[in-house]
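**Student:**
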Amino acid sequence: MIHIGIVGLGAIGQRLLNRFKGHPEVQVVAICDQIDSLVTETAAELGNVGTYKKHQELIADPRVELVYVAVPPKFHHQVAMDVLQAKKHVLCEKPLANSLEEADELRKAAKEANVIHAMNFPLNYEEAAIKFAELIDQNYIGKLRRLQLTMHFPEWPRPWQRNAWVAGREQGGFVLEVGVHFIQQTLKIFGDITNITAKLELPTDPNKCETGIIASAELLDGTPVLIEGLSQFVGKEFIGFTAYGTEGILSLDNWGELRGGKNGEELQVISYETVQSKNLIDELIKAISGQQAEIYDFEVGYKSQEILEKLRKL
679 MIHIGIVGLG AIGQRLLNRF KGHPEVQVVA ICDQIDSLVT ETAAELGNVG
729 TYKKHQELIA DPRVELVYVA VPPKFHHQVA MDVLQAKKHV LCEKPLANSL
779 EEADELRKAA KEANVIHAMN FPLNYEEAAI KFAELIDQNY IGKLRRLQLT
829 MHFPEWPRPW QRNAWVAGRE QGGFVLEVGV HFIQQTLKIF GDITNITAKL
879 ELPTDPNKCE TGIIASAELL DGTPVLIEGL SQFVGKEFIG FTAYGTEGIL
929 SLDNWGELRG GKNGEELQVI SYETVQSKNL IDELIKAISG QQAEIYDFEV
979 GYKSQEILEK LRKL
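Counting from 679, one number per residue, gives the positions in the sequence shown under the working numbering.
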């Protein structure tokens, strides 16, 4: 049984909290948030749980073995550094930090702490994304010609995530919140990204996040990578991650829709029913138990942040 403390009880923290509650090998023993109502309501659901307003107090709780950092990005560095200094395991939301310098400090501290450090990149454990990676590895599309990420949001922030920081230029925006998932997938499946050139569309209010992006980059072999995004327009939300190859196309749309086709054929939905899905919590348990596990550590978080900073350089 792994005993978990959660710092941050907003929409993101609550999402993973529900998964923790349903897992037989973990127990949430402590929670922390500056909003009293969130702490009170969550504690009532969990039962016997320690409640804190300061993250340092939660980290000091002797029952806590792993801390899940689910606060806004601006506070990741401070909270995660305190966890690492306490020599406790840590799971951090993306992005790793609020700057590349902070991310660098965290990855170095994580190595020195000799504890499990992981990022919450959930796409790695989803069946459609796993099948996408498998088909690329099996040469389904032939030689890669182009990789393209499209992000369209009629509203940003979306109704379920409306708060000041998600809409803000410092910590929010769809490039950071959504784009980082596919940056990490690109690094994982296709390798490093170089020669990044980006143009952001920014509102007149200097505190508001981007409303558009057009960016180009390359993989190490020179394959073009295109990133295009737009918000605040009439239409439907769409997120597409598409690989164009010499023999076909493969696209992961809206997180869980996999489509592909060979040259001369129509694009078809590709089934992933036979894919063996994985679970972040299971992998964390394996890692803490000293077993081989599929987790994405702070080094991965740093590399993803490095690309993010170049795309979002204001």
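Cβ coordinates follow ideal geometry from the N, Cα and C atoms, glycine included.
Compute the distance between the beta-carbons of I985 and I861, then report whether it is under 8 Å.
**Tutor:** By one-based count along the sequence shown, residue 985 stands at place 307. By one-based count along the sequence shown, residue 861 stands at place 183. Cβ distance < 8 Å, so I985 and I861 count as in contact.
**Student:** Please classify F976 as buried or exposed, where buried requires at least 16 neighbouring CB atoms within 10 angstroms.
**Tutor:** In the sequence shown, the residue the question calls residue 976 occupies position 298. In summary, F976 is buried, with 16 or more beta-carbon neighbours lying within 10 Å of its beta-carbon over all protein chains present.
**Student:** Quick check on the DSSP output: the alpha helix (DSSP H) that includes R693 runs from which residue to which?
**Tutor:** Residue numbering aside, residue 693 sits at position 15 when the sequence shown is read from its first letter. Its alpha helix (DSSP H) spans residues A689 to K699.
**Student:** For the alpha helix (DSSP H) containing R840, list its first residue and its last residue.
**Tutor:** Sequence index remark: in the sequence shown, residue 840 carries index 162 (1-based). Where R840 is concerned, there is no enclosing alpha helix (DSSP H), given that its DSSP letter is neither H nor E.
**Student:** Have a look at the DSSP bridge pairing and note the partners of T729.
**Tutor:** For the purposes of this step, residue 729 is taken as residue 51 along the sequence shown, with counting starting at 1. Paired residues: I709.
**Student:** Please list the terminal residues of the continuous beta strand (DSSP E) segment that includes Q826.
**Tutor:** Position 148 of the sequence shown, counted from the first residue, corresponds to residue 826. Counting along the chain, the beta strand (DSSP E) containing Q826 begins and ends at L822 to F831.
**Student:** Does DSSP put P740 in a helix, in a strand, or in coil?
**Tutor:** Within the sequence shown, the letter at position 62 stands for residue 740. Three-state result, P740: coil.
**Student:** Check N941 in the structure and name its three-state DSSP category.
**Tutor:** Within the sequence shown, the letter at position 263 stands for residue 941. Coil, per DSSP.
**Student:** Helix or strand or just coil, what does DSSP make of D960?
**Tutor:** Here residue 960 corresponds to residue number 282 of the sequence shown, with the count starting at 1. If DSSP states are grouped into helix, strand and coil, D960 belongs with the helices.
**Student:** Just tell me which of I874, K766 and K699 has its CA closest to the CA of L724.
**Tutor:** Within the sequence shown, numbered from 1, the residue matching residue 724 stands at position 46. L724 has its Cα closest to that of K699, out of I874, K766 and K699.
**Student:** Just to confirm before moving on: does the CB-CB distance between G857 and L989 stay below 8 Å?
**Tutor:** Counting from 1 along the sequence shown, the entry for residue 857 is found at position 179. Counting from 1 along the sequence shown, the entry for residue 989 is found at position 311. It is a contact, given that the beta carbons lie within the stated cut-off.
**Student:** Is it right to say F852 is buried, meaning 16 or more other beta carbons lie within 10 angstroms of its own, or is it exposed?
**Tutor:** The residue given as residue 852 occupies position 174 in the sequence shown. By the neighbour-count rule (16 or more Cβ atoms within 10 Å), F852 is buried.
**Student:** Any idea what DSSP makes of E977, helix, strand or coil?
**Tutor:** For the purposes of this step, residue 977 is identified with residue 299 of the sequence shown, where counting begins at 1. Residue state, collapsed to three classes: helix.
**Student:** Rounded C-beta distance between Y878 and K981? I'm assuming under 8 Å.
**Tutor:** Translated into the one-based positions of the sequence shown, residue 878 becomes position 200. Translated into the one-based positions of the sequence shown, residue 981 becomes position 303. This sequence places Leu at residue 878; Tyr is not what is there. Contact flag wrong, Cβ pair sits at about 21 Å.
**Student:** Taking just the CA atoms, how far does P902 sit from S894?
**Tutor:** In the sequence shown, residue 894 corresponds to position 216, counting from 1. In the sequence shown, residue 902 corresponds to position 224, counting from 1. Using only the alpha carbons, I get a separation of about 7 Å.
**Student:** With distances taken between CB atoms, is the gap from E783 to H755 smaller than 8 Å?
**Tutor:** Locating residue 783 in the sequence shown gives position 105, where the first residue counts as 1. Locating residue 755 in the sequence shown gives position 77, where the first residue counts as 1. Yes.
**Student:** Among residues of its own chain, excluding the 5 on either side of M829, which ones have a beta-carbon nearer than 7 Å to its beta-carbon?
**Tutor:** Looking up residue 829 in the sequence shown gives position 151. Answer for M829: F852, V856, G857, G907 and I917, listed in chain order.
**Student:** For H859 versus F799, is the C-beta spacing smaller than 8 Å?
**Tutor:** If you number the sequence shown from 1, residue 859 lands on position 181. If you number the sequence shown from 1, residue 799 lands on position 121. Their beta carbons are under 8 Å apart, which means H859 touches F799 by this criterion.
**Student:** Quick check: the Cα distance between V704 and Q826, rounded to an integer number of angstroms?
**Tutor:** For this step, residue 704 is matched to residue 26 along the sequence shown. For this step, residue 826 is matched to residue 148 along the sequence shown. The straight-line gap from Cα to Cα measures roughly 38 Å.
**Student:** Hey, P740 and N776: beta-carbon distance below 8 Å or not?
**Tutor:** Looking up residue 740 in the sequence shown gives position 62. Looking up residue 776 in the sequence shown gives position 98. The answer is no: Cβ separation not under 8 Å.
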